[in-house]
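For reference, the structure discussed in these notes is given below.
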Amino acid sequence: MIRLENVTKVYDGGVVALKDVSIDVAKGEFVFLVGPSGSGKSTLIRLMMREERPTNGGIWIAGKHASKMPNWKVPHLRRSIGTVFQDFKLLPNKTVFENVAYALEVTGRPRHLVRNQVPQVLKLVGLSTKTDRYPRQLSGGEQQRVSIARAFVNRPLILLADEPTGNLDPATSVGIMRILDRINRTGTTVVMATHDHAIVDAMRRRVVQLERGRIVRDQSRGVYEQRDTAEPEPEAEVPTPPADEIEPSRAERELAAAEADLAEIPVDDLEELTEGMADDSAMEES
Amino acid sequence: MSRFQYVFGEALRNMGRNALVVLGAVLAVFVSLFLVFGTLMFGQIASSNADQWSDDVRVEAFLNDEVRNVESLQSEISDWADVAEVDYISKPEAVENAKEIFKDNEAVLGLIEEDPSFIPASLRIRPVDLQDYDRIASQLEATPGVLQVVSAGDAVNQLISLRDGLQVFSWALAIALGAAAVALIANTIHMAVYARREEIEIMKLVGASNWYVRVPFLFEGMLEGLIGGLLAVGVGLGAYRLGFDQIQGLVPLIDLTVTADFLTQRSILIVLFGVAVGAVGSAISLTVHRYIRT
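Line by line, the protein sequences give chains A and B. Add 3 to the 1-based position in the first sequence for this note's numbering, that's all there is to it. Add 795 to the 1-based position in the second sequence for this note's numbering, that's all there is to it.
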């Protein structure tokens, strides 16, 4: 789903953000990018969303050669990528519903699809009762859930999250992680940059650690690889499930605390959502 | 249809958000195009008057009494490329003309009646273009049988350079003012983009096409140019109608009339020019703006 081959990124002025980085992320995987500030996590996310081009090396996103792609094709690529940021990036003069609907409207989706999809996605993130609120009337965690809903409403193949819990307290963060986990379970590939080791360890997913622009740890590494025959993209390879690292008691307590937060979401919403994806793909724009 | 509503709605909303800046740009386009309109009118009036005057300009070649075959000389000169028409004024006609001119001057009249033979016959030549006048005059001087060449001389040259100068000035002014209007439109679009940078960022994040992001701004610029152009034409035509009689009274020698065709054509041209100025202005702004560029 995402493949980087020997990617190096040097910014104007000679700052080397990434050095010879290679990663393979399979469809449906959940990957944490960890490392100190300035280690290259955000640069990696920006390269994956084709906001920037690498100085050297190749990047393939959802089967497309993103690093060679001309600028005018980028919008189409973006429709298969959802993005979530630390600062939410919500429009203050639009309601929760309008903020989420915006992602569908500006990509030219028909109105009935907007009316149908937005409530479903808001239900998934537990904001069904707050559709008419404005961002300033919401807590940080709720705002981030709106931004996740907006990122997911287009049913992207990939969700990229750059420090999505960076502005939130631990309990709220766990709530956000539950939602990202749900989204991941619909088959969406999730890549999340974070400093929050507690969350990373609690989630028990693949971890890629960066330091000064290099990958110093990739927990799926060294394990055998297996071709995914169901996946049409030949370059997408499925790594074996990553070995769990540490047993995190504190994070697990936080997870339990966050359960209450999301208790109002019925479990079968997930199935409803995945059904929604079927008729969505039929409406895929020309 | 909903696409159009989107583009139109966004453009109007943007313009409402920066009403003062937009007003400034529209007024700038209006003033520029109004001046362009005025310059075009002025140029047209000057040029048509110069043409009228130049119609009356003749080169006159007085002939020797020895010239017998006037007709062959006349047809020879008619064949020159820069000559439009040659009239022959015979000796008796010239005498009649002279009497007419000097009918109030007893002394001269007496001289003419005493010996009319000193008044020469002449060929009166109309040049194709005013500029050909000098060449025709010197060619005539070299022609056997021609006694002397007379024409309006410096007056004609001055008229020519005045007409040409006015035309150059008109276009230079129009271009300079057009460039100013382009810059001002670019500025308003720049501000509109800046005001909406967050929205643009999000649009790009969720995969709105470049055209989807840009078209409302392009449309906004064209709309501002259109309004400015319409204002310029409206005020220009109004001023011409209302001011015609008074100004014509002040300058009786100059004919201020222009044809309705000319007015219609130039009005359409000005409005289209306004739209083009708006399109170019916003296109420039969208090309250089860092929030819009991918």
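C-beta: ideal position from N, C-alpha, C; glycine also.
Query, Result
"Pair within 8 Å by beta-carbon distance, asparagine 157 of chain A and alanine 106 of chain A", "yes"
"Within-8 Å CB hit, methionine 810 of chain B to chain A", "no"
"Three-way DSSP call (helix, strand, coil) for lysine 30 of chain A in this model", "coil"
"Buried versus exposed, by CB contacts within 10 Å (16 or more), arginine 812 of chain B", "exposed"
"Contact with chain B by valine 109 of chain A, beta-carbon distance below 8 Å", "yes"
"Boundaries (first-last residue) of the beta strand (DSSP E) holding aspartate 165 of chain A", "161 to 165"
"Under the three-state DSSP convention, the category tyrosine 1007 of chain B falls into", "helix"
"CB-CB length for glutamate 1019 of chain B against glycine 960 of chain B, believed under 8 Å", "Rounded, the Cβ-Cβ distance is 33 Å, inconsistent with contact."
"Under 8 Å by beta carbon: chain C residues contacting valine 1030 of chain B", "Protein chains in the displayed structure are A and B, and chain C is not among them."
"Any C-beta of chain A under 8 Å from that of serine 843 of chain B", "no"
"The alpha helix (DSSP H) enclosing proline 122 of chain A, as first and last residue numbers", "114 to 127"
"For leucine 171 of chain A, the nearest candidate out of A:Gly144, A:Val128, A:Arg148, A:Asp15 (CA to CA)", "A:Gly144"
"Through-space distance from isoleucine 980 of chain B to arginine 82 of chain A, alpha-carbon basis", "33 Å"
"Span separating the alpha-carbon of valine 87 of chain A from that of glutamine 120 of chain A", "19 Å"
"Contact between the segment 853 to 861 of chain B and the segment 933 to 942 of chain B (3+ Cβ pairs under 8 Å)", "yes"
"Residue span of the alpha helix (DSSP H) that contains lysine 999 of chain B, given as start and end", "992 to 1000"
"Cα-Cα separation between isoleucine 1022 of chain B and leucine 822 of chain B, rounded to whole angstroms", "9 Å"
"Valine 852 of chain B (DSSP reduced to helix, strand or coil)", "coil"
"Where threonine 86 of chain A meets chain B, residues with beta-carbon distance less than 9 Å", "Leu1000, Val1001"
"Min CB distance asparagine 1102 of chain B to chain A below 8 Å", "In the structure as shown, chain B starts at 796 and stops at 1089, and residue 1102 of chain B therefore has no counterpart that could be examined."
"Cutoff 7 Å; reference glycine 1016 of chain B; Cβ partners in own chain excluding five residues on either side", "Ile980, Ile984, Gly1073, Ala1074, Gly1076, Ser1077"
"Neighbour-count burial assignment, arginine 936 of chain B, 16 or more Cβ in a 10 Å radius", "The residue you asked about is not arginine; residue 936 of chain B is glutamate in the sequence shown. Exposed, by the Cβ-count rule."
"Simplified DSSP assignment, three categories, for valine 22 of chain A", "Note that residue 22 of chain A corresponds to lysine in the displayed sequence, not to valine. Lysine 22 of chain A falls in the strand class under three-state DSSP."
"Interface residues of chain A facing glutamate 993 of chain B [CB-CB closer than 8 Å]", "Lys92, Leu94"
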